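Position one of the sequence shown corresponds to residue 105 (our numbering), numbered consecutively onward. Just so you know, even glycine gets a beta-carbon here, dropped at the ideal spot from N, CA and C. As the structure is a prediction and not an experimental result, all values here were calculated from the model. Inspection log for the structure reproduced underneath, given as structure tokens.
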Amino acid sequence: MYNQFRTVILLGTLTALIIFIGNLMGGRQGMYIAFFLAMIMNFGSYWFSDKIVLAMYRAREVGQNEDPELFDLVRELAGQAGLPMPRVFVIPNESPNAFATGRNPEHAVVAVTAGLRRLMSRDELAGVLAHELAHVKNRDILIGSIAATLAGAVMILASMARWAAFFGGGGDDEEGGGGGLVGLLVMSILAPIAALFIQMAISRSREYLADSTGAGFVGNPEPLARALTKLGQASRRLPLEANPASAHMFIVNPLSGRSLMTLFSTHPPLEERIARLRAMG
Numbered sequence: 105m106y107n108q109f110r111t112v113i114l115l116g117t118l119t120a121l122i123i124f125i126g127n128l129m130g131g132r133q134g135m136y137i138a139f140f141l142a143m144i145m146n147f148g149s150y151w152f153s154d155k156i157v158l159a160m161y162r163a164r165e166v167g168q169n170e171d172p173e174l175f176d177l178v179r180e181l182a183g184q185a186g187l188p189m190p191r192v193f194v195i196p197n198e199s200p201n202a203f204a205t206g207r208n209p210e211h212a213v214v215a216v217t218a219g220l221r222r223l224m225s226r227d228e229l230a231g232v233l234a235h236e237l238a239h240v241k242n243r244d245i246l247i248g249s250i251a252a253t254l255a256g257a258v259m260i261l262a263s264m265a266r267w268a269a270f271f272g273g274g275g276d277d278e279e280g281g282g283g284g285l286v287g288l289l290v291m292s293i294l295a296p297i298a299a300l301f302i303q304m305a306i307s308r309s310r311e312y313l314a315d316s317t318g319a320g321f322v323g324n325p326e327p328l329a330r331a332l333t334k335l336g337q338a339s340r341r342l343p344l345e346a347n348p349a350s351a352h353m354f355i356v357n358p359l360s361g362r363s364l365m366t367l368f369s370t371h372p373p374l375e376e377r378i379a380r381l382r383a384m385g
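Right under this line is the structure:
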């Protein structure tokens with residue numbers, strides 16, 4: 105419940121940031137244009153997210169005959185979660201990781217790397233798969249797309265503000281805006297950073313929620329806690345060469361070795377996730 109509430113607050117903060125910058129620039133029209141452009145930019149990634157990311161990692165669909173343990177485990181967990189059976193894919197990569205995608209539960213995809221299949225015991229694999237199905241259940245692809253759209257609108261507005269400041273625009277005071285040249289410059293620098301902080305915080309909040317929801321599907325948080333421990337150790341030894349744009353989708357951050365700041369990370373610290381899971385038990 106806390107993570108759901110936190111997501112609502114953070115999305116509301118992003119929305120308020122858009123409105124504030126729009127008013128600072130002195131015109132609602134620019135705000136609407138920015139939001140529309142951001143929505144168009146993110147619509148394709150939301151609607152075709154499964155096709156894009158599966159092609160990116162050369163994932164191959166598997167059926168019951170090819171990997172009966174994996175396929176049957178996904179089907180069992182989907183039934184426990186009250187979800188339709190998703191398509192199951194394997195990524196030909198030895199770095200252990202997994203993700204779920206798809207615009208809704210009826211078009212969901214669960215993908216695991218070959219390395220994850222070899223590393224995990226059956227109950228640990230169930231913990232990982234349950235976490236991914238929790239993302240599907242909680243509509244995290246949709247929520248992430250909304251957050252990306254709002255953050256994108258902030259970025260566009262900030263860019264417009266910089267151009268307005270460059271050409272001497274300070275906004276129209278009569279419409280309630282008009283922060284002046286200094287206000288425009290400061291906001292054009294700070295707003296994108298704030299939007300990125302908020303977007304990353306939403307992503308981290310959804311990871312915590314998927315951990316707890318997935319543990320509920322399995323009926324025991326310990327298998328996922330053990331799986332995360334293994335994933336943390338193995339991914340440091342053998343990092344996944346992932347596209348930064350898709351890093352947030354994986355169960356552990358494939359870019360963790362290159363992360364400079366926890367606040368800019370799409371994932372919470374593994375130690376904290378493991379501690380929360382074990383506290384549930």
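*With 16 other CB atoms within 10 Å as the buried threshold, where does A182 fall?*
What you label residue 182 is simply residue 78 of the sequence shown in a count that begins at 1. It is buried - the Cβ of A182 has at least 16 other Cβ atoms within 10 Å.
*Determine, using beta-carbon pairs with one atom in the stretch 288 to 301 and one in the stretch 112 to 126, whether at least three such pairs fall under 8 Å.*
yes
*Find out if the Cβ-Cβ distance for the pair A238, T111 is shorter than 7 Å.*
Here residue 238 refers to the residue found at position 134 of the sequence shown. Here residue 111 refers to the residue found at position 7 of the sequence shown. The answer is no: Cβ separation not under 7 Å.
*Would you report the Cα separation of I260 and F140, rounded to the nearest angstrom?*
On the sequence shown, residue 260 is found 156 positions in, with the first residue counted as 1. On the sequence shown, residue 140 is found 36 positions in, with the first residue counted as 1. Approximately 10 Å between the Cα atoms of the pair.
*Given L342, which residues of its chain have a CB within under 8 Å of its CB, disregarding the five upstream and five downstream residues?*
The residue labelled residue 342 in the question sits at position 238 within the sequence shown. Closer than 8 Å at Cβ, skipping near neighbours: E198, S199, P200 and G219.
_Range covered by the beta strand (DSSP E) that runs through I195_ = By 1-based counting over the sequence shown, the position of residue 195 is 91. Taken as a continuous stretch (DSSP letters only), the beta strand (DSSP E) holding I195 covers R191 to I195.
*Please report the Cβ distance between G206 and S153, rounded to the nearest whole angstrom; I am assuming they are in contact, meaning their Cβ atoms lie under 8 Å.*
Working through the sequence shown from its first residue, we reach residue 206 at position 102. Working through the sequence shown from its first residue, we reach residue 153 at position 49. 7 Å between Cβ atoms; contact.
*Which residues in the same chain have their Cβ closer than 6 Å to the Cβ of Y161, if we skip the five residues on either side of it in sequence?*
Taking the first residue of the sequence shown as position 1, residue 161 is located at position 57. I195.
*A338 and L223 look like a contact to me (Cβ under 8 Å); what is the Cβ gap, rounded to whole Å?*
Position 234 of the sequence shown, counted from the first residue, corresponds to residue 338. Position 119 of the sequence shown, counted from the first residue, corresponds to residue 223. Contact flag correct, Cβ pair sits at about 6 Å.
*Throw me the rounded Cβ distance for the F203 and F354 pair, which I believe falls under 8 Å.*
Numbered from its first residue, the sequence shown carries residue 203 at position 99. Numbered from its first residue, the sequence shown carries residue 354 at position 250. F203 to F354, Cβ: 5 Å. Contact.
*Exposed or buried, which one is S309 when buried takes at least 16 other CB atoms within 10 Å?*
Numbered from 1 along the sequence shown, position 205 holds the residue referred to as residue 309. Buried, since its Cβ has 16 or more Cβ neighbours within 10 Å.
*asked:* As a quick exercise: from N242, E210, S307 and H211, pick the residue whose alpha carbon is nearest that of A255.
replied: Working through the sequence shown from its first residue, we reach residue 255 at position 151. Of N242, E210, S307 and H211, the residue nearest in Cα terms is S307.
*Tell me which same chain residues have a C-beta within less than 8 Å of the C-beta of V356, skipping the five on either side of it?*
Within the sequence shown, numbered from 1, the residue matching residue 356 stands at position 252. Taken in chain order, the residues that qualify are N201, L332, L335, G336, S339, H371 and L374.
*asked:* Please identify the residue among S263, A383, A230 and H352 whose C-alpha is closest to the C-alpha of F175.
replied: Within the sequence shown, the letter at position 71 stands for residue 175. Minimum Cα distance to F175 is reached at A230.
*Which two residues bound the contiguous beta strand (DSSP E) that contains T370?*
Position 266 of the sequence shown, counting from 1, holds the residue named residue 370. Here T370 belongs to no beta strand (DSSP E), and DSSP marks it neither H nor E.
_Taking the beta carbon of L294 as the centre, do at least 16 other beta carbons fall within 10 Å, making it buried, or is it exposed?_
Position 190 of the sequence shown, counting from 1, holds the residue named residue 294. Exposed: under 16 other Cβ atoms inside 10 Å.
*Mapping DSSP to helix, strand and coil, what is F152?*
Counting from one through the sequence shown, the residue named residue 152 turns up at place 48. If DSSP states are grouped into helix, strand and coil, F152 belongs with coil.
*Looking at C-alpha atoms only, which residue of I378, E345 and Q168 is the closest neighbour of N324?*
Residue 324 sits at position 220 when you count from the first residue of the sequence shown. Of I378, E345 and Q168, the residue nearest in Cα terms is I378.
*Between which two residues does the beta strand (DSSP E) carrying V166 extend?*
Looking up residue 166 in the sequence shown gives position 62. Per DSSP, V166 belongs to no beta strand (DSSP E) and is neither H nor E.
*Find the nearest neighbour of H211 within the set S225, M189 and L121, judged by alpha-carbon distance.*
Translated into the one-based positions of the sequence shown, residue 211 becomes position 107. Checking every option, the nearest Cα to that of H211 belongs to M189.
*What residue does the alpha helix (DSSP H) around V240 start on, and which one ends it?*
Indexing the sequence shown from 1 puts residue 240 at position 136. Note, V240: alpha helix (DSSP H), R226 to K241.
_Considering only the alpha carbon of each residue, which of A329, F147 and E376 lies closest to H235?_
Along the sequence shown, read from residue 1 onward, the residue named residue 235 stands at position 131. Residue A329 is the option with its Cα nearest to H235.
_Does V356 come out as helix, strand or coil in the three-state DSSP assignment?_
Taking the sequence shown and counting its residues from 1, one reaches residue 356 at position 252. Coil at V356, not helix or strand.
*Determine the direct distance from the alpha carbon of A215 to that of V166, and round the result to whole angstroms.*
On the sequence shown, position 62 is the one that residue 166 refers to. On the sequence shown, position 111 is the one that residue 215 refers to. Going by the C-alpha atoms only, they are around 10 Å apart.
*Local conformation of A204 per DSSP, three classes*: Reading the sequence shown from its first residue, position 100 is the one you call residue 204. Here A204 sits in strand by DSSP.
*Is P358 closer than 7 Å to E228 when the C-beta atoms are compared?*
By 1-based counting over the sequence shown, the position of residue 228 is 124. By 1-based counting over the sequence shown, the position of residue 358 is 254. No, Cβ-Cβ distance for E228 and P358 is not below 7 Å.
*Please say whether M304 and A265 have beta carbons closer to each other than 7 Å?*
In the sequence shown, the residue the question calls residue 265 occupies position 161. In the sequence shown, the residue the question calls residue 304 occupies position 200. Cβ distance not < 7 Å, so A265 and M304 don't count as in contact.
*Per DSSP, what kind of secondary structure is G275 in: helix, strand or coil?*
Working through the sequence shown from its first residue, we reach residue 275 at position 171. Residue confidence is low: G275 scores 47 on pLDDT, short of 50, so the model does not pin down where it sits. Its coordinate-derived value is still stated next. Looking at G275 - three-state DSSP - the assignment turns out to be coil, as it is neither helix nor strand.
*Along the beta strand (DSSP E) that carries V215, what are the first and last residues, could you check?*
On the sequence shown, residue 215 is found 111 positions in, with the first residue counted as 1. The residue asked about is misnamed: residue 215 is Ala in this sequence, not Val. Looking at the DSSP string, the run of the beta strand (DSSP E) that includes A215 is V213 to T217.
*For R191, I'd like the list of residues in its chain whose CB is within less than 7 Å of its CB, leaving aside the five on either flank, ordered along the chain.*
Position 87 of the sequence shown, counted from the start, is the residue given in the question as residue 191. So the list reads E165 and V213, once near-sequence residues are dropped.
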